[in-house]
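Report on the following structure.
Numbering (my numbering), first residue to last: 61 to 218.
Rendered as structure tokens:
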């Protein structure tokens with residue numbers, strides 16, 4: 061990113077790679093990744109689509125929030141994965157989230173963990189809506205890097 065853009069270290073940047081019609085290099089803390097569209101729509105298929113990235117954010121946040129909640133409760137959860145897919149069901153977008161545990165859980169735990177999953181910060185952002193402010197030229201500072209952790213901790217408070 062150009063210097064003096066006003067963005068801090070938690071900002072994500074995207075720029076065309078110049079390869080293919082859609083391939084985009086995303087600069088993230090921890091290293092870059094490519095985003096793209098599938099070949100059947102004119103992309104190269106070299107990375108996740110933007111909606112897959114959004115689904116990944118929901119899956120990651122859900123997993124982190126569930127682990128943090130279990131840790132705070134002193135629970136030992138079996139290993140699990142969070143699967144998220146996106147679709148458009150007119151007139152809205154839809155994210156289907158499925159939490160897959162490696163062992164059976166009691167109905168009480170399943171119910172409580174589903175409630176906690178609904179409290180993950182990315183889930184709350186998606187369901188309550190948000191504002192997007194677009195500027196051209198020098199930008200505003202992004203949210204502090206620790207805000208997501210604070211939001212997850214608040215979600216786990218009983």
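Backbone N, C-alpha and C define an ideal beta-carbon position, used for all residues, glycine too.
State the Cα-Cα distance for the pair residue i and residue j, rounded to the nearest angstrom.
{"i": "residue 178", "j": "residue 155", "result": "12 Å"}
{"i": "residue 140", "j": "residue 162", "result": "6 Å"}
{"i": "residue 73", "j": "residue 93", "result": "11 Å"}
{"i": "residue 123", "j": "residue 130", "result": "11 Å"}
{"i": "residue 133", "j": "residue 78", "result": "49 Å"}
{"i": "residue 105", "j": "residue 189", "result": "30 Å"}
{"i": "residue 157", "j": "residue 143", "result": "6 Å"}
{"i": "residue 89", "j": "residue 207", "result": "15 Å"}
Which of the three DSSP states, helix, strand or coil, is assigned to residue i?
{"i": "residue 81", "result": "coil"}
{"i": "residue 187", "result": "helix"}
{"i": "residue 71", "result": "coil"}
{"i": "residue 19", "result": "There is simply no residue 19 to check, as the chain begins at 61 and stops at 218 in what is shown."}
{"i": "residue 122", "result": "helix"}
{"i": "residue 86", "result": "strand"}
{"i": "residue 175", "result": "helix"}
{"i": "residue 182", "result": "helix"}
Mind checking residue i: buried by the 16 CB within 10 Å criterion, or exposed?
{"i": "residue 176", "result": "buried"}
{"i": "residue 166", "result": "exposed"}
{"i": "residue 82", "result": "buried"}
Are the Cβ atoms of residue i and residue j separated by less than 8 Å?
{"i": "residue 75", "j": "residue 84", "result": "yes"}
{"i": "residue 126", "j": "residue 182", "result": "no"}
{"i": "residue 215", "j": "residue 180", "result": "yes"}
{"i": "residue 146", "j": "residue 114", "result": "yes"}
{"i": "residue 107", "j": "residue 100", "result": "no"}
{"i": "residue 128", "j": "residue 213", "result": "yes"}
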